[in-house]
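Colleague: Handing you a structure now.
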Amino acid sequence: MREALVPQPAAEALAPAVSDPEELEREAGLARLFELHYSSMLRLAVLLGADDPENVVAEAYYQIYRKWRRLRDVEAAEAYLRSTVCNLTRMRIRHLQVVRRHVETPPDELVASAESTALLHDDQRVLIDALQHLPARQREALVLRHWLGLKESEIAAAMGISCGSVKTHTARGLAALTQAMEARR
Numbered sequence: 056m057r058e059a060l061v062p063q064p065a066a067e068a069l070a071p072a073v074s075d076p077e078e079l080e081r082e083a084g085l086a087r088l089f090e091l092h093y094s095s096m097l098r099l100a101v102l103l104g105a106d107d108p109e110n111v112v113a114e115a116y117y118q119i120y121r122k123w124r125r126l127r128d129v130e131a132a133e134a135y136l137r138s139t140v141c142n143l144t145r146m147r148i149r150h151l152q153v154v155r156r157h158v159e160t161p162p163d164e165l166v167a168s169a170e171s172t173a174l175l176h177d178d179q180r181v182l183i184d185a186l187q188h189l190p191a192r193q194r195e196a197l198v199l200r201h202w203l204g205l206k207e208s209e210i211a212a213a214m215g216i217s218c219g220s221v222k223t224h225t226a227r228g229l230a231a232l233t234q235a236m237e238a239r240r
């Protein structure tokens with residue numbers, strides 16, 4: 056005789072059966088990381104020029120989820136996440152440049168997502184436009200330094216370069232940004 060299927064309540068059906076304490080700790084740690092840093096990581100991706108910042112940030116969280124057990128220091132998870140967002144944005148921009156080179160007709164007009172538009176105020180649009188015209192490394196250094204307030208050593212770790220290179224990119228980026236802003240006035 057077959058057993059009758061008894062429907063489960065929705066909460067029990069959707070909740071994973073996690074009994075491993077390490078898995079529970081990982082889930083709790085990631086939930087805290089998401090609550091504390093999602094909006095700042097989204098802003099970072101937008102400011103670095105990602106065309107799909109939500110997907111970049113989601114991918115960064117997925118990567119940290121996969122590597123959570125291998126993190127030496129859970130306190131470094133934010134820095135790892137920031138570095139991952141920078142790298143994913145850089146890779147996405149490079150990919151789009153290659154795709155655009157091989158497209159026969161260029162896209163008509165890029166449309167910013169609603170989240171991107173909401174993050175940018177009218178008085179910031181000119182600045183963001185000038186920032187987007189900077190070379191990628193200069194833009195990354197400026198965003199990490201002035202929008203996130205990171206130290207040179209943290210920026211160097213996020214970008215994978217030396218502190219001296221961070222200083223160079225920041226100085227050159229500020230000079231170019233100042234020149235571009237003065238030219239628009």
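The numbering of the sequence shown is our numbering, which starts it at 56 and goes up by one. Heads up, the beta-carbon is just placed ideally off N, CA and C, and yes, glycines get one too.
#1: Report the option in Ser217, Ala196, Gln234 whose CA atom is closest to the CA atom of His224.
#2: Taking the alpha carbon of Asn142 as the reference point, which residue from Leu229, Ile216, Leu91, Ala230 has its own alpha carbon closest?
#3: Does the separation of the CB atoms of Val198 and Leu99 fall below 8 angstroms?
#4: Do Ile119 and Pro97 count as a contact pair if the criterion is CB distance below 8 angstroms?
#5: Please go through the same chain and pick out, in chain order, the residues whose beta-carbon is closer than 8 angstroms to the beta-carbon of Ala211, but skip the five residues on each side of it.
#6: Between Leu79 and Gly228, what straight-line distance do the alpha-carbon atoms span, to the nearest angstrom?
#7: I'd like to check one pair, Leu232 with Leu205: are the Cβ atoms closer than 8 angstroms?
#8: Relative to the alpha-carbon of Gln234, which residue among Ala191, Arg149, Met146, Val181 has its alpha-carbon at the smallest distance?
Modeller: With the given structure in hand:
#1: Ala196
#2: Ile216
#3: yes
#4: First, the residue type needs correcting, since residue 97 is Leu and not Pro in the sequence shown. No; because the gap between Cβ atoms is not below 8 angstroms, this pair is not in contact.
#5: Ser217, Cys218, Ser220, Val221
#6: 44 angstroms
#7: no
#8: Val181
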